[in-house]
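Please read the structure below before turning to the comments.
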Amino acid sequence: MVRIGLFLGFLLVPVLEIWFLIRVGSVIGGWETVALLIADSILGAWLVRREGRRAWAALRTAIESGRMPDRELTDGALIVAGGALLVAPGFLSDVFGFFMILPFTRPIARRWLSWFLGRRVRSLAARSPYAPLFDGTAGFDGAAGFGGAGGSGGPAGARRGRVVHGEVIDDA
Numbered sequence: 030m031v032r033i034g035l036f037l038g039f040l041l042v043p044v045l046e047i048w049f050l051i052r053v054g055s056v057i058g059g060w061e062t063v064a065l066l067i068a069d070s071i072l073g074a075w076l077v078r079r080e081g082r083r084a085w086a087a088l089r090t091a092i093e094s095g096r097m098p099d100r101e102l103t104d105g106a107l108i109v110a111g112g113a114l115l116v117a118p119g120f121l122s123d124v125f126g127f128f129m130i131l132p133f134t135r136p137i138a139r140r141w142l143s144w145f146l147g148r149r150v151r152s153l154a155a156r157s158p159y160a161p162l163f164d165g166t167a168g169f170d171g172a173a174g175f176g177g178a179g180g181s182g183g184p185a186g187a188r189r190g191r192v193v194h195g196e197v198i199d200d201a
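Residue 164 in this note's numbering sits at position 135 of the sequence shown; the count goes up by one each step and never skips.
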């Protein structure tokens, strides 16, 4: 399914970009369209540089404080991906690039990325040979980390999962 989506994306996105460039050029003129593309590239480069510095500073602060920099790493990845989209000529890719870079829209992009990757990981885990071990009663919870809300220690962390019957053999 992902391969079909990538194929269609690589086929349709350039066609849509060219169509949209032609439409904009017919409304405002050819040179004005080129000037607008150059202007939004310059603005995008400035924004990538500014937000990249902020993300780097936040990453360093998180590492120095000893906490896991998951949000900062995601922001950095979104800024790099948004910068790559801004480099590509076209207005549609620029819209998505700015959406990933701007500080007030990046949290939305981060949530969408988290949702998509969470679905993808669950799908891959369900098809793995170890899927019976992670039948939804244990494993990564998303909000509480591994082991769910109760953790794994003590009665609060006890889970009602699959019971494996066996026999203890003491060789001593």
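Backbone N, C-alpha and C define an ideal beta-carbon position, used for all residues, glycine too.
Counting other Cβ atoms within 10 Å of its Cβ, E61 stays below 16 and is therefore classed as exposed. Under the three-state reduction of DSSP, I198 is assigned to coil, being neither helix nor strand. Taking a contact as a CB-CB distance under 8 Å, the pair S70 and L115 counts as one, their CB atoms being some 6 Å apart.
An exposed status is given to V124, since fewer than 16 other beta-carbon atoms sit within 10 Å of its beta-carbon.
The segment 103–112 makes contact with the segment 62–81; the number of CB pairs closer than 8 Å reaches 3 or more. With respect to the 8 Å criterion, A117 and M129 are not classified as neighbours on the basis of their beta carbons. M97: not part of any alpha helix (DSSP H); DSSP gives it neither H nor E.
In this structure, the CA atom of R89 is about 21 Å from the CA atom of F133. The distance from the Cβ of G126 to that of G73 is about 6 Å, consistent with a contact at the 8 Å cut-off. Around the beta carbon of G119, 16 or more other beta carbons lie within 10 angstroms, which makes this residue buried. Taking a C-beta distance under 8 Å as the contact criterion, D104 and R135 qualify as a contact pair. R32 and G81 have their C-alpha atoms roughly 31 Å apart.
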